[in-house]
Amino acid sequence: MTQKSLRENLLRERSLVVLFWNQTSALLELVYIVYLNYQSNIIKYC
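Under my numbering, the first residue of the sequence shown carries the number 1, and numbering increases by one thereafter.
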């Protein structure tokens with residue numbers, strides 16, 4: 001494996017990780033928002 005292809009592979013993997021992280025953080029935000037709504041509803045009913 002040459003140095004150039006090694007670097008290209010690293011860049012490709014890094015962009016995949018970034019893509020995955022963006023999706024994961026978006027999902028976590030969604031879960032957090034749902035959790036906050038759920039919590040405020042419980043407080044309302046009590």
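Ideal placement from N, C-alpha and C gives every residue a C-beta, glycine not left out.
Looking only at its chain, what residues have a beta carbon closer than 6 Å to the beta carbon of residue i, apart from the 5 residues adjacent to it on each side?
i   : result
L19 : none
V17 : none
Enumerate in chain order the residues of its own chain whose CB-to-CB distance from residue i is below 8 Å, with the five nearest sequence positions on each side excluded.
i   : result
E13 : none
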